[in-house]
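Residue numbers for the sequence shown follow our numbering, so the first one is 220 and each next one is one higher.
Backbone N, C-alpha and C fix where the C-beta goes; we use that ideal spot for every residue, glycine too.
Structure, as structure tokens:
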Amino acid sequence: MSSTQGGKPAADTITHSNVEDAYARWAPIYDRVFTAVMKPGRLASAEAVNRIGGHVLDVGVGTGLELPMFDRAEKITGIDLSEPMLEIARKRVADLGLKNVEALIAMDAMNLTFADASFDCAVAPYVITTVPDPERTMDEMARVVKPGGELIIVNHIAKESGPISWIEKAMARRTAKLGWRPTFPWSIIGDWIASRPGLELVERRTLNPLGLFALIRIAKK
């Protein structure tokens with residue numbers, strides 16, 4: 220989702236080009252920088268996936284940090300826009316012998332090429348802040364999940380006030396360089412769920428560190 224100010228892109232606007240450029244830069248150091256801080260969210264999302272099982276779509280699989288956390292009985296398909304990130308994920312799969320990972324594909328999360336109702340669940344760890352159109356991405360996730368399945372999202376939710384909010388707003392000026400939006404409000408996800416009668420929020424809880432992230436589980440009726 221993008222916005223404008225006086226006819227110019229807003230500071231927190233993000234494009235596919237921004238994402239590809241940013242994650243080509245992040246890829247060589249991504250695991251060293253983000254493994255620890257994002258581990259609680261990856262574990263929480265994997266636990267939610269493991270309760271459902273079956274065929275799983277990992278949207279924005281990146282370097283594949285959560286892939287070893289999934290039950291080996293599940294069949295995993297991962298997609299990501301960044302080929303440099305996927306190269307690291309493929310090496311991780313080979314090194315760890317993750318035979319349940321069926322495919323790792325370069326693909327736009329806003330235009331999934333899978334048929335309707337192809338997966339038992341779709342998981343998106345730390346992804347929805349990185350896409351140009353979050354609502355379209357979630358629409359695509361909902362489309363490819365079977366009725367009775369779930370969308371499982373781990374996402375940064377911006378603080379409304381206080382010191383962390385000030386930091387987020389300062390960082391927002393560098394959204395294009397970062398490749399994600401620091402000022403991402405809950406309303407983007409909450410309003411999207413409320414406007415889709417076939418979906419239901421079944422869980423929303425904050426995660427460490429410092430409650431910066433949230434686990435969001437959405438059931439497809």
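Closest residue to residue i among the options (Cα-Cα distance)
i, options, result
"Arg261", "Arg355, Asn427 and Lys440", "Asn427"
"Gly367", "Arg355, Thr296 and Ala341", "Ala341"
"Ala292", "Val280, Asn319, Ile271 and Ala267", "Asn319"
"Asp327", "Thr425, Ile437 and Glu239", "Glu239"
"Arg436", "Leu429, Gly409 and Ser414", "Gly409"
"Pro259", "Leu420, Val373 and Phe403", "Val373"
"Asp339", "Asp277, Leu286 and Asp314", "Asp277"
"Arg423", "Ser264, Gly279 and Pro287", "Ser264"
"Pro294", "Gly381, Val252 and Gly273", "Checking the sequence shown, residue 294 turns out to be Lys, not Pro. For the residues Gly381, Val252 and Gly273, the minimum Cα distance to Lys294 belongs to Gly273."
"Ile233", "Pro287, Arg400, Ile407 and Asp314", "Arg400"
Residues of its chain near residue i, where Cβ-Cβ distance is below 8 Å and the 5 sequence neighbours each way are ignored
i, result
"Ala246", "Thr282, Ser301, Pro303, Met304, Glu306 and Ile307"
"Met329", "Val350, Pro351, Asp352, Arg355, Thr356 and Glu359"
"Ile412", "Leu418, Glu419, Leu420 and Ile437"
Distance between residue j and residue i (C-alpha atoms, nearest Å)
i, j, result
"Leu284", "Thr254", "7 Å"
"Tyr345", "Gly417", "24 Å"
"Ile248", "Arg362", "33 Å"
"Lys440", "Asp299", "27 Å"
"Val256", "Ile371", "19 Å"
"Phe333", "Glu321", "14 Å"
Beta-carbon proximity of residue i to residue j, cut-off 9 Å
i, j, result
"Leu323", "Thr296", "yes"
"Lys310", "Ala336", "no"
"Val275", "Phe289", "yes"
Same chain only: Cβ atoms within 6 Å of residue i, ignoring 5 sequence neighbours per side
i, result
"Ile376", "Trp405 and Ala433"
DSSP three-state assignment for residue i, whether helix, strand or coil
i, result
"Asn374", "strand"
"Ile324", "strand"
"Val268", "helix"
"Pro401", "coil"
"Thr232", "coil"
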